[in-house]
Every structure is written in structure tokens, then in C-alpha cells.
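Asker: I am attaching a structure below and will ask some questions about it afterwards.
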């Protein structure tokens, strides 16, 4: 009798574990989403302003996702805006060689965005990397 | 004080002036400039949003005389001298003949004459 009871208990536990595994795999599938925001070339009016250690990047664009940080590439001199949902917008300008001393030590950039007279300012981190 | 601005060939004076306004606020506010951002003379209607600070630039709010050296597209640089209090976008538009401001200026109607 005790053996029967234990067998049933193990059987029920196995069913419960299997159901839990099925649930978790379902959630994992749902979490795989394409990046939000703008991906690829951002073909809009753009300006990059330098004064002492301060840098401003202005883009004439209304982001649908929140800009998280800005990346620069030391090889290609490209500039990208990484958004919270994972999308990466490539800015239509490059890091100016004449300002290398400034952008090499740059930590943060004020990103000014918006198409109308109302703008949005994000003070975001700047990271430099070298293309692989 | 000199700002060096690199821009795409197509750039409006209003957009460039908005960026200059933010630079003016950064200059006077220091490292923690975001705290006093909304009270700067070149910044209007500042509102903290979840993802940044919304604002409109006060085109007449520049706090100090500033030279702006503009490299537009692949062209050579031109220097614009902005005086504190004067309308930044109008002065920038003068220096960049094809740049647009939000309102048409006198004599800027390029439509065919009848």
C-alpha cells in the first residue's frame, strides 16, 4: 500500500514537472522579439557640435524607442545610436578626424532629437569600439 | 567661446540653433547641467519625461557671445558670430543661405513670379 502511494506521488510529481517545463519553454518563445525602434541608416538632418569637452549630437528624428547610448567606431568613424529595444540607428555622419583628441576621451553626449520645434534631450553614455 | 559644428549638407537653422542652445546650457550648468537645464535662458518649456527632457529652444536666449564654426557637408567652414540675446536661428540662416527657419523671412519666396 505504501508502495502504491509512493508510486502515485512520483507519477503526479512527474506530470507537474513536465507541465512546468512546457510553460517555461512557451514563455521563452514569446520573449524572442525583433528590435523596437529604428534600425539602419538614419537619413535625416544631423549635426555634431564640439566645445571643450562637451559634445552634442542633434538628429532631426522622433525616436519611437528610448535612446540608450551612443557608439563610435575608431576604424570606420561611424556613429550609432543604440535604443533600449535593441535597434541600432546609424547616423549619417562620421566622427571628425580633426576632433579625435576630443572624442577619444568622450564619456557622455547630449543627444538632441525631434522633428518639430519641441526637442527631446537625452544625456547618454558614449562608448568607442573598434570594428571586428 | 567657440563651438565647432559638423553638419549634413541639409540642415535647418532652427535645428542647429536648438543644438547651440543646449550647448549654452551645458556650458553654464557644468557636469550637472541637467538639474538646472529648464531654468537656462536659452531653454523654454522644459519638462522631464520618462526618457529625457522635452524643451523648445529660446532663439533669443543665448547667454554669452559665441562663435560657431560650421562645416556643412564637405564644404569649408564658415564662422558665425552670435551675440547674446540676438535671434540665433536668423543669424545662422544668414550664414547658411539654403538653410530654412520655421518662418519664411522677407524676400525668401522662391515661387515663380506671375
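Protein chains in written order, with our numbering: chain D, 130 to 261; chain W, 1187 to 1300.
Cβ atoms here follow ideal geometry from the backbone N, Cα and C, with glycine treated the same way.
Using the beta-carbon of each residue, which ones in chain W are nearer than 9 Å to residue 270 of chain D?
Answerer: The question about residue 270 of chain D has no answer here: the residues shown for chain D are numbered 130 through 261.
Asker: At what residues does the beta strand (DSSP E) containing residue 200 of chain D begin and finish?
Answerer: Element bounds for residue 200 of chain D: 196-202.
Asker: What residues match up with residue 219 of chain D in a beta bridge as DSSP calls it?
Answerer: According to DSSP, which records beta bridges pairwise, residue 219 of chain D is partnered with D:170 and D:209.
Asker: What residues from the stretch 233-244 of chain D come within 7 Å of chain W, judged by C-beta to C-beta, listed N to C?
Answerer: Within the stretch 233-244 of chain D, the qualifying residues are 239 and 241.
Asker: Return yes when the Cβ of residue 1269 of chain W is within less than 8 Å of the Cβ of residue 1187 of chain W, no when it is not.
Answerer: Not closer than 8 Å, so no.
Asker: Tell me the DSSP secondary structure of residue 228 of chain D in three-state form.
Answerer: If DSSP states are grouped into helix, strand and coil, residue 228 of chain D belongs with the helices.
Asker: Taking 8 Å as the CB-CB limit, is residue 211 of chain D close to chain W?
Answerer: With 8 Å as the cut-off, residue 211 of chain D does not count as an interface residue toward chain W.
Asker: Considering only DSSP beta bridges, list what residue 254 of chain D is partnered with.
Answerer: The partner list for residue 254 of chain D (beta bridge, DSSP) reads D:198 and D:237.
Asker: Candidates W:1220, W:1260 and W:1205: which alpha carbon is nearest residue 225 of chain D's?
Answerer: Measuring from the Cα of residue 225 of chain D, the nearest candidate turns out to be W:1260.
Asker: Taking the C-alpha atoms as reference points, what is the distance between residue 1279 of chain W and residue 1256 of chain W?
Answerer: Looking at the two C-alpha atoms, the distance is approximately 12 Å.
Asker: List, in chain order, every chain W residue whose beta-carbon is nearer than 9 Å to that of residue 195 of chain D.
Answerer: Simply 1236, 1237 and 1238.
Asker: If the cut is a Cβ gap below 8 Å, which residues of chain D does residue 1200 of chain W touch?
Answerer: Residues of chain D passing the Cβ test: 246.
Asker: Does any heavy atom of the ligand ATP sit closer than 7 Å to the C-beta of residue 1283 of chain W?
Answerer: The ligand ATP is absent from the structure shown, which contains no ligands of any kind.
Asker: Taking the alpha-carbon of residue 1237 of chain W as reference, which of D:253, D:258 and D:164 has the nearest alpha-carbon?
Answerer: Answer by Cα proximity: D:253.
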